[in-house]
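Protein chains: 2
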Amino acid sequence: MSKPYVLGIDIGGTNTVFGIVDARGVVLASNSIKTAKHHNINDYIDELYNEVMKLLEANDAVGKIHGIGIGAPNANYFTGVIEDGVNLPWPTPIPLAQLVSDKFGIPVAITNDANAAAIGEMTYGAARGLKDFIMITLGTGVGSGIVINGQLVYGHDGFAGELGHTIVKRNNGRLCGCGRAGCLEAYCSATGVARTAREFLEVRANEPSLLRNIPIEAITSKDVYDAAIAGDKLAKDIFEYTGQILGEAFADFTVFSSPEAIILFGGLAKSGELLLKPLRNAMEKNMMPIFKGKVKILLSELKEADAAVLGASALGWEAKPMVTIVPPAPATPAAPTV
Amino acid sequence: MSKPYVLGIDIGGTNTVFGIVDARGVVLASNSIKTAKHHNINDYIDELYNEVMKLLEANDAVGKIHGIGIGAPNANYFTGVIEDGVNLPWPTPIPLAQLVSDKFGIPVAITNDANAAAIGEMTYGAARGLKDFIMITLGTGVGSGIVINGQLVYGHDGFAGELGHTIVKRNNGRLCGCGRAGCLEAYCSATGVARTAREFLEVRANEPSLLRNIPIEAITSKDVYDAAIAGDKLAKDIFEYTGQILGEAFADFTVFSSPEAIILFGGLAKSGELLLKPLRNAMEKNMMPIFKGKVKILLSELKEADAAVLGASALGWEAKPMVTIVPPAPATPAAPTV
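Chains A and B, in that order, are what the protein sequence lines are.
Per this note's numbering, the first sequence starts with residue 94, numbered consecutively.
Per this note's numbering, the second sequence starts with residue 94, numbered consecutively.
Shown next, in the form of structure tokens:
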């Protein structure tokens, strides 16, 4: 193969991580830059280009990149654009695929971070061989990537798979970052778990808990995990509550696409049986009879440090040259082909 | 084309309707038999065969049937089997595709009735040209057929698309025929509307209503419609309530597959703005901002009398010869090829 590698780029609010990946899913080398350092998107792309070029040169990969795959919040696979409403330091919409493709002279495909994780899991992880599964990322928010009949679901507008914004509490639900109330994400993300901790500590004011040793506004999901592992009843109840809401939601997801598995990824997924036991119980208890006992709950098999880059990189294999919408300005020399 | 027609068969609890359909979706001729007349499935298949043969002969269609498509409750596209838990007069599971294929000597494909409706709508109706839509059938129950990227969603086990069994009331919900409580179907089917009428009449005992002229257990959704059209406040509120629950559910369906349209079919869908106005309002009010104003609510364009047969028949074009699992008994002569 003349171009045996792909480049995976994961753009988060804090860091942009990128890596060179081969066809078997081995990350040959990776590095990162700070996402928020540049207020001008072109300066950011320039720095990204320079740092990627250094990595390619150091790994004898110049001219060997088949395509670039990028995972980024609100990134639209169809249009190549990062749409409105994301926590990035640049004005939106951002024509990211076009900008990166123009700079690098390599085909680029983009999608949102959860979809990238699903593609990574299908290509290299726990979903190899599965044609119907749902990837749920339990991080700061709750993201999802849905695969049906072997294809990622993008929907009519490229934004399908926002399962973190299913309404799980119809009345008096918690406010969500999306502007509505009662979303799954407001309960079952890492921040949702911390919110539950604050609620439980207030409502059960007379109950002792290890969590009372921490300033209430500073409590994180990791603190809740540590307390639960140490046997703290209130902390264990927080995981019960979180797992139950997830399980109820998963039973509803099942009537939609009847997946073979739902795969969990992200920090909270590492809570093990603390979360999985109530989740499975609630899912089966709420499952429509025809689907009972059919849906596996699996954990991601990708190393978290590599997962985002791997997932994004898998998109690089299918990236196609962009159709340039505006003619290039004649004064600007084309970027050299990598 | 040597075999220019398909045969569509719709098996309902009461009637089995079948028709000869051409490639443009014209129903050349149709007829029906009573589903429940025979307690032995083989007797039923024999009568169906005899009646279909008469119809084919009368329409010069013998030997011109490309394939048979069947819509039936709990019919599994992958296995060709009608699975457990349906209101049909024969013991389940029923290897329907095999039985019909053996009898007629023609390839057979089966799916459930709502999926058949979605395929019919995509092939001949309001969904022509749409790649991402959801078909919702509002009849005795609430059925659904989901199309993503131009393909019907069957899921891992062939049973995907049971959106009528999404839980819309998590606590103290109405009992549903599926054995759980709080399903969409228990509220927004024709029978759900009648249940709402009985609840409203009891809770608002002092409020006059035209519906009080009807014995409470005999009230149907048609009675509620007639009363609402006559200006009855309580009847109009029943449609408000039904439309709101549907709209809230549709907003949740949208975060899953981001459809271009949700298409309504069945008796209740004919209620017009009585249902559609509160439905649209609730859907948009509950919609995640990124999807606001994007999802069309459409009404089926298929004639109800033809729709089930048309939808089933569309499957006939893609029916493939069955792999016979058990070798045919040598004493039984093969059925003549139609």
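Glycine included, each C-beta is placed from N, C-alpha and C at the ideal position.
Check: Closest to L361(A) by C-alpha separation, out of P301(A), R221(A) and A283(A), would be which residue?; Outcome: A283(A)
Check: Taking Cβ positions only, does M381(B) come closer than 8 Å to chain A?; Outcome: yes
Check: Could you tell me whether the Cβ of L339(A) comes closer than 8 Å to any Cβ of chain B?; Outcome: no
Check: Among residues of its own chain, excluding the 5 on either side of E140(B), which ones have a beta-carbon nearer than 8 Å to its beta-carbon?; Outcome: I126, K130 and H131
Check: Taking the DSSP output, what are the residues bridged to D115(B)?; Outcome: Y98(B)
Check: Pick from L189(B), C276(B) and G173(B): whose alpha carbon is nearest that of M381(A)?; Outcome: C276(B)
Check: Is the beta carbon of G164(B) less than 8 Å from the beta carbon of D103(B)?; Outcome: yes
Check: Please return the same chain residues whose Cβ sits closer than 8 Å to the Cβ of R370(B), not counting the five positions on each side in sequence.; Outcome: As written in the sequence, residue 370(B) is Lys, which differs from the Arg given in the question. G336, listed in sequence order.
Check: Determine, using beta-carbon pairs with one atom in the region 248-267 of chain B and one in the region 382-389 of chain B, whether at least three such pairs fall under 8 Å.; Outcome: no
Check: What does the alpha-carbon distance come out to for the pair I338(A) and L339(B)?; Outcome: 22 Å
Check: For the structure I just gave you, are there three or more beta carbon pairs, one from the region 290-300 of chain B and one from the region 233-241 of chain B, closer than 8 Å?; Outcome: no
Check: With DSSP run on the structure shown, which of helix, strand or coil describes V120(A)?; Outcome: strand
Check: Below 9 Å between beta carbons is the criterion; list the residues of the region 237-256 of chain A that meet it against any residue of chain B, in chain order.; Outcome: S237, I239, I241, N242, Q244, V246, Y247, G248, H249, D250, G251, F252, A253, G254, E255 and L256
Check: Specify whether the region 180-192 of chain B and the region 145-159 of chain B touch according to this definition: at least 3 beta carbon pairs, one from each stretch, less than 8 Å apart.; Outcome: no
Check: Tell me Q244(A)'s beta-bridge partners as DSSP assigns them.; Outcome: I241(A)
Check: Taking only beta-carbon positions, decide if A422(A) is within less than 8 Å of chain B.; Outcome: In this prediction, A422(A) has a pLDDT of 46, which is less than 50 and means its spatial position is unreliable; what the coordinates show is noted afterwards. Not closer than 8 Å to any Cβ of chain B, the Cβ of A422(A) fails to qualify, so no.
Check: On the DSSP bridge assignment, give the partners of K127(A) in chain order.; Outcome: N108(A)
Check: Residues in the same chain with beta-carbon distance under 8 Å from P97(B), minus the five sequence neighbours each way, listed in chain order, please.; Outcome: D115, A116, K157 and H159
Check: Measure the C-alpha to C-alpha separation of V419(B) and L391(A) and round it to an integer number of angstroms.; Outcome: Caution is warranted here: a pLDDT of 47 is assigned to V419(B), below 50, making its placement in the model unreliable, and no coordinate value can be reported.
Check: Can A328(B) and S302(B) be called in contact, C-beta distance under 8 Å?; Outcome: yes
Check: Taking the alpha carbon of G118(B) as the reference point, which residue from Y280(B), E278(B), T107(B) and V99(B) has its own alpha carbon closest?; Outcome: V99(B)
Check: So what's F349(A) in DSSP terms, helix, strand or just coil?; Outcome: helix
Check: Name the two residues that bound the continuous alpha helix (DSSP H) containing I138(A).; Outcome: I134 to A151
Check: With A219(A) and S393(A) assumed to form a contact (beta carbons below 8 Å), what rounded beta-carbon distance in angstroms separates them?; Outcome: 6 Å
Check: Using beta carbons (cut-off 8 Å, strictly below), is K387(B) in contact with chain A?; Outcome: yes
Check: Tell me, please, whether the CB atom of F343(B) is closer than 8 Å to any CB atom in chain A?; Outcome: no
Check: What residues from chain A crowd round T259(B), counting only those whose CB sits closer than 7 Å?; Outcome: D345 and V348
Check: According to DSSP, is L307(A) helix, strand or coil?; Outcome: For the sequence presented, residue 307(A) should be read as Ile rather than Leu. In the structure shown, I307(A) sits in coil (DSSP, three-state: anything other than H, G, I, E or B).
Check: With DSSP run on the structure shown, which of helix, strand or coil describes T430(A)?; Outcome: For T430(A), the predicted structure reports a pLDDT of 49, less than 50, and the residue's modelled location is therefore unreliable. A value from the coordinates is still provided. Reduced to three states, the DSSP call for T430(A) is coil.
Check: Can you find a CB in chain B that lies within less than 8 Å of the CB of G272(A)?; Outcome: yes
Check: Can you have a look at P414(B) and say buried or exposed, based on whether 16 or more other CB atoms are within 10 angstroms of its CB?; Outcome: exposed
Check: Cα separation between N169(A) and G101(A)?; Outcome: 16 Å
Check: Does any C-beta atom of chain B lie closer than 8 Å to the C-beta of S125(A)?; Outcome: no
Check: Kindly identify the DSSP beta-bridge partner or partners of G236(B).; Outcome: T230(B)
Check: According to DSSP, simplified to helix, strand and coil, what is D330(A)?; Outcome: helix
Check: Tell me whether A323(B) sits in a helix, a strand or coil according to DSSP, three-state version.; Outcome: coil
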